[in-house]
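Residues in the sequence shown are numbered consecutively from 1, following the working numbering. Here the structure comes first, spelled out in structure tokens, and everything after it is commentary.
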Amino acid sequence: KAYMAVYDAQNLTFPLIEAGTPAWALDDIARAHIEEQGFGDNFIHSLGHGFGVCVHEPPLLSGGSDDPLFGLSYNQQPLAPYDAITIEPGIYLDGWFGIRIEDDFLVNQEDHEFLTADLPRGLDWFMIEPDAYDISMAFNPPVDERIDSNQFLPVPLGLVEILCLVGLAGLRQDRAEEHDE
1 KAYMAVYDAQ NLTFPLIEAG TPAWALDDIA RAHIEEQGFG DNFIHSLGHG FGVCVHEPPL
61 LSGGSDDPLF GLSYNQQPLA PYDAITIEPG IYLDGWFGIR IEDDFLVNQE DHEFLTADLP
121 RGLDWFMIEP DAYDISMAFN PPVDERIDSN QFLPVPLGLV EILCLVGLAG LRQDRAEEHD
181 E
């Protein structure tokens, strides 16, 4: 129920993302839906914010009921063309779990461009029962399930990780050359 409340609250805002829409109105729409679902006290931050050179920039998508975020405060400015914004409602049940779904958009004059990768949104529900898995298996798998040291282990790396590895390899090469001199 909490996941669907966040998911639906986010989706209610999408058709309104365009230049001229008051930033606070998006927050109000998402917040009203989450309140209707019984989680109003658990939506404890603004709906979203702008991003660009910095991670958190104006506009702050807030109805003004929350504290300023990273130096951004409630504003009554409408969305403008070329605003890059996040839409990220969330519900947090203290001591239990939290859910936040974030998507990023570029505001255009009459609509928006979806910037987030197209990821699956549906859920396959299942319950993990206590003692259903032997946790020790995660740290000491049986011998036949271990990877041979000569076997290639594919590791998905993103651009940032690849650039870090290239940078580290270059730094190591520079240091090796300095040592040889």
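By construction, the Cβ of each residue, glycine as well, lies at the ideal position given by its N, Cα and C atoms. Keep in mind that this is a model prediction, so the values were computed, not measured.
Beta-carbon gap between residue i and residue j smaller than 7 Å
i      : j     : result
Phe105 : Leu93 : no
Gly52  : Ala80 : no
Leu12  : His33 : yes
Identity of the residue in the options nearest residue i by Cα
i      : options                     : result
Glu267 : His49, Val6 and Glu102      : This structure cannot speak to residue 267, because the chain is shown only from 1 to 181.
Gln109 : Ala2, Thr13, Lys1 and Ile17 : Ile17
His49  : Asp103, Asp8 and Gln37      : Asp103
Ser46  : Ile101, Trp96 and Phe97     : Ile101
Distance, residue j Cα to residue i Cα
i      : j      : result
Gly90  : Ser62  : 13 Å
Gly20  : Arg31  : 20 Å
Tyr82  : Phe43  : 27 Å
Glu57  : Ala9   : 22 Å
Thr86  : Ile29  : 15 Å
Val55  : Glu88  : 14 Å
Asp111 : Trp24  : 17 Å
Gln76  : Asp27  : 12 Å
Glu113 : Val107 : 7 Å
Asp118 : Gly95  : 31 Å
Lys1   : Phe97  : 13 Å
Own chain, CB closer than 8 Å to residue i, minus 5 neighbours either side, in chain order
i     : result
Pro15 : none
Gly40 : Arg31 and Ile34
The beta strand (DSSP E) enclosing residue i, as first and last residue numbers
i      : result
Ile87  : Ala84 to Ile87
Leu61  : Glu57 to Leu61
Ile99  : Phe97 to Arg100
Glu113 : His112 to Phe114
Neighbourhood of residue i by C-beta, 6 Å cutoff - its chain only, sequence neighbours within 5 removed
i     : result
Pro22 : Pro78
Gln37 : Ala5
Terminal residues of the alpha helix (DSSP H) in which residue i lies
i     : result
Ile29 : Ala23 to Glu36
Leu79 : Premise fails: Leu79 is in no alpha helix (DSSP H) and is neither H nor E.
Val6  : Ala2 to Thr13
Close Cβ partners of residue i (< 7 Å) along its chain, the five nearest in sequence each way excluded
i      : result
Val155 : Because the pLDDT at Val155 is just 49, under 50, the model does not fix this residue reliably, and the value given afterwards should be weighed accordingly. Same-chain partners within the cutoff: there are none.
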